[in-house]
Amino acid sequence: MCEIFYEIDGINGYLVKASFKYIESQRIYKLLELTGISKDEEFYDFIKEFDNKKVVENVKQVAFNLVNCMTGGGDVNIYLIVDFFNQIHFKKVEKVNSKKVDPSSRFKIVELTQINYAELMLDVVNQTDQENWDYFSEDDGQLANEFLDYGKFSRVITKNEYGKEIAVGYVQVRLLKEQAPQLLYKDFYHLAGLGGINLWEKSKNSSRDLPIYIDVIAIKKQYQNQLDLLKLVPQALSEIVEDIDLTIPDIAFGKVFAVGVTKQGRKMCNLLKMDKCSEVERVESGITHIRTLYCSERSTFKNNLKSITKK
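Take -18 as the starting number for the sequence shown in the numbering used here and just add one per residue.
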């Protein structure tokens, strides 16, 4: 069982959020999910990871009893604490904007073969560049050329909002040239005047020991705290790794690298249990940001992905 601790009003235990959707036509509540929340706002699947199934059912029943006492309808989240004696304590209840949890709104991973894939990818990259970088932007022509030569191992994540497909996230993995990790170390490639594209290898030139590089995990700011979307990022990475396995037999002996340039990026690398290799400051257009290089043995990385995605 995942050991996650939470403390509120002197009670130690597991914080659980029960999300309910109110069905207006039937005047009943439907349970959408039971989500565990750790102290630092990490999320986990409470039903799968809590080893006492009877307690899980009791939590569901308590949540249903509470929500059925409410009047006026409307979607709600109910927060409960399961202490270490398996006693259930009420924490709080909150109303939820029904538009945010509408069952017609859902996230999915888009296959590379979808005809509007490049359009969706460019939409995410352009918006996230504007949201995160005051000094950095990419030309659509450059992005399109990179996509033609190096975009094979990627996934776009979309959200269906009342029948319209909205691009919300993008995950890109690159194959690296054999000696590229030595230039990633302490950002030496940038100091030498090279760009990231100089480090990438085309799949047709690949070999079994070729390193792989998690180049982009981009999520539009307004969607970054949505649990269903966050769950799809490791799944997208897992699908890409499977694609690489099919393309390059026996590549399992290579290593995996990633550079965290934001707090969220470093958090994702830590979640994947990658090791910190170096950390430097890069100055561009008078703006300083920290670049942290992470690495992992490929077999270890795959096992960690499986653990996260529960495959």
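Built from N, CA and C at the ideal position, the CB exists for glycine as well.
Query, Result
"Buried or exposed by the 16-neighbour rule on C-beta atoms within 10 Å, applied to Y116", "With a pLDDT of 49 at Y116, under the threshold of 50, the modelled position of that residue is not reliable, and the figure given next carries that caveat. Exposed, since its Cβ has fewer than 16 Cβ neighbours within 10 Å."
"Beta-ladder partner(s) of Y151, from DSSP", "V137, A199"
"Element boundaries [alpha helix (DSSP H), containing L286]", "279 to 290"
"Selection from K76, E146, L103 that minimises the alpha carbon distance to N126", "L103"
"Bridge partners - R87, DSSP secondary structure assignment", "N141"
"DSSP three-state assignment for D226, whether helix, strand or coil", "helix"
"The segment 242 to 253 touching the segment 154 to 166, judged by at least three CB pairs closer than 8 Å", "no"
"Rounded distance between the beta-carbons of I62 and L47, thought under 8 Å", "Not quite, the Cβ-Cβ distance comes to about 13 Å (not below 8 Å), so this is no contact."
"Identified DSSP bridge partners for I178", "None, per the DSSP bridge assignment."
"V43 vs V57 beta-carbon contact at 8 Å", "no"
"Coil, strand or helix - K183 by DSSP", "coil"
"Residue range of the unbroken beta strand (DSSP E) whose run includes T109", "No beta strand (DSSP E) holds T109; the alpha helix (DSSP H) holding it covers 98 to 113."
"Residue range of the unbroken beta strand (DSSP E) whose run includes C258", "256 to 265"
"Cβ of K29 within 8 Å of any chain D Cβ", "Among the chains of the structure shown, chain D does not appear; only one protein chain is present."
"C-alpha gap between L172 and V222, whole angstroms", "30 Å"
"Spatial neighbours of N113 in its chain, beta-carbon cut-off 7 Å, leaving aside the 5 residues before and after", "T243"
"Residue interval of the beta strand (DSSP E) (run including N126)", "First-last for N126: 121 to 131, but that is the alpha helix (DSSP H), not the beta strand (DSSP E)."
"G55 versus F1, I178, A239, V264, residue with shortest Cα-Cα distance", "F1"
"Separation of A239 from I90, as counted between CA atoms", "21 Å"
"Cα-Cα separation between V40 and I69, rounded to whole angstroms", "7 Å"
"Stretch pair the segment 263 to 277 + the segment 213 to 229: three plus CB contacts closer than 8 Å", "no"
"Residue range of the beta strand (DSSP E) that includes A239", "236 to 241"
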